[in-house]
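Report on the structure given below.
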Amino acid sequence: MKITDVKVHLLRKKLSSTMRISRGGFTFREHAVIEVVTDAGIFGLGEGVGDPRMVKAIVEGVMGEEVKGLDPLNIEGIRKKLLDGKVYFERKGSVICAASGIETACWDILGKDLKVPVYQLLGGLARDKVEVYASDVYWEEDPRRMAANAERIAKLGIRTIKVHLGCEPPEKEVDRIRILREVLGPDVSLMVDLNAGYDGPSALRAARLWEPYNIYWLEEPVHPGLANVQASLRRQTGIPIASGENEFRLEGFKHLFDQGAVDIAMPDIGRVGGIQEARDICSLANAFGVPVSPHNFSSGVLLAATAHLMFAVPNTQLLEIDMSDNAVYHDFFPEPIQIKDGFAFLSDRPGLGVELGQEILDSYCENS
Ligand SMILES: [Mg+2]
């Protein structure tokens, strides 16, 4: 089998309300969905979770040409070309995201060719369901509105909810946490994502002030390059620290683990180098005694890839789900990922079980 073409579909969805996090407000979501086409009539889907326009330029300008003529079933060959072959110049950033999307698409092709789901290729089912968490309670001026959104999600049976804080200093944000905890009660787990919004001293003040509210994890408290600062914070608080969504490749995570910077690792398949790289990061994390909760905040293609990894790899936990209508999720699934009583169930369709229908292109793609 040979790769004959690689396309990037830029999907863009305007949001009904602004998504506000410590890094600013967003009014739309954009996804770079990568389609790898073969001479066997099989195509595969993946996603490059970087700057979507940069990913498109990299794939269409350079990387697509590099893989044309290669065998997509030889995933190690693809990895060698796109990842290991570039370490002198490209070790992080959108180039690795672009490679991640192509690699993921090759797993989809391999699964379709062998007529088995990707989780089977990764070793088979380690579990038949995985608990989900909702990550879409965004910062709002009025804490009651945040609490109402969190309550809506909890009523759907989701037992773990993530809120985005850090738009104001820790002393002001504590009221939001108190109100959220009051509304949700003691039985719903509450995560706080700072999206790297604080410096070291502010993050430490936050951790000390917020500790009484039983925070499940504190995510990306500081800039992703400051593993040593995060390690210092981690030593001084009882709140578990999660991060990794802005880290790349196996060695990026080895650095986090060596520094003692994380309690929970959050690799993103569309960013770290693809499915094999994410699988390797899970094994490495296991050797450090660190559980993995993959970052999963993009389209249905990344959701599918993440779910297949988690169903196959035992030391993963809590599948991230966007419970708002912001994500382009469901249109990708001929057989939807079922969510029941806070757990996700996966179909046994071959490959990743996703399709790129004309309806998606007509609805979200600018240049279809
Ligand atoms: Mg995050």
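Note that the working numbering numbers the sequence shown so that position 243 is 243, with each residue one more than the last.
Ideal Cβ placement from N, Cα and C applies to all residues, glycine included.
Fair warning: this is a prediction, and the values are worked out from it, not measured in the lab.
For ligand 3, is there a heavy atom less than 7 Å away from the beta-carbon of Glu219? In the structure shown, ligand 3 is absent; the only ligands present are ligand 1.
Expressed to the nearest angstrom, what Euclidean distance is found between the alpha-carbon atoms of Thr4 and Gly69? 6 Å
Between which two residues does the beta strand (DSSP E) harbouring Gly46 extend? 43-47
So who's on the other strand from His164, going by DSSP bridges? BP columns for His164 point to Asp193.
Going by C-alpha distance, which of Ser202, Asn195, Ile21, Ile96 is nearest Ala242? Asn195
Within 10 angstroms of its Cβ, does Ser135 collect 16 or more other Cβ (buried), or is it exposed? buried
Leaving out the 5 sequence neighbours to the left and right, which residues in its chain are closer than 7 Å to Cys106 when beta-carbon positions are compared? Val36, Gly44, Pro72, Ile75, Ile78
Glu366 in three-state terms, based on DSSP: coil
Go ahead and pull the three-state DSSP assignment for Asp108. helix
Just verifying my parser: in three-state terms, what is the DSSP assignment at Phe26? strand
Contact check, Ile161 vs Val188, beta carbons under 8 Å: yes
Classify His308: buried if its beta carbon has 16 or more other beta carbons within 10 angstroms, exposed otherwise. buried
Can you give the beta carbon distance from Leu372 to Val130, rounded, assuming they're within the 8 Å contact cut? The structure shown does not extend to residue 372, since the chain spans only 1 to 368, so no value can be given for it.
Rounded to the nearest angstrom, how far is the Cβ of Asp263 from that of Glu245, given a contact under 8 Å? With 8 Å as the limit, Asp263 and Glu245 do not qualify as a contact, their Cβ atoms being about 15 Å apart.
Would you mind working out which of Pro314, Leu82, Glu90, Pro117 sits nearest Asp348, comparing C-alpha positions? Pro117
Looking only at its own chain, which residues have a Cβ that is under 7 Å from the Cβ of Glu277, when we skip the five neighbours before and after it? Arg249, Leu250
What distance in whole Å lies between the Cβ atoms of Arg279 and Val301, which are believed to be in contact at a cut-off of 8 Å? The Cβ separation is near 18 Å, so there is no contact.
Return the bridge partner residues of Val8 from the DSSP annotation. Ile34
Report the three-state DSSP secondary structure of Glu219 (helix, strand or coil). strand
Between Asp113 and Ile339, what straight-line distance do the alpha-carbon atoms span, to the nearest angstrom? 28 Å
Tell me whether Asp193 counts as near ligand 1, meaning its Cβ is closer than 7 Å to at least one heavy atom of that ligand. At least one heavy atom of ligand 1 is nearer than 7 Å to the Cβ of Asp193, so yes.
Have a look at Ala126, Ala207, His164 and flag the residue whose alpha-carbon is nearest the alpha-carbon of Tyr138. His164
Mapping the DSSP letters down to three states, classify Leu15 as helix, strand or coil. strand
Output yes or no for whether 8 Å exceeds the beta carbon distance between Leu233 and Glu247. no
Run the CB neighbour count on Glu219, radius 10 Å, all protein chains shown included, and call it buried at 16 or more, exposed below. buried
What is the rounded straight-line gap between the Cα of Glu173 and the Cα of Pro294? 26 Å
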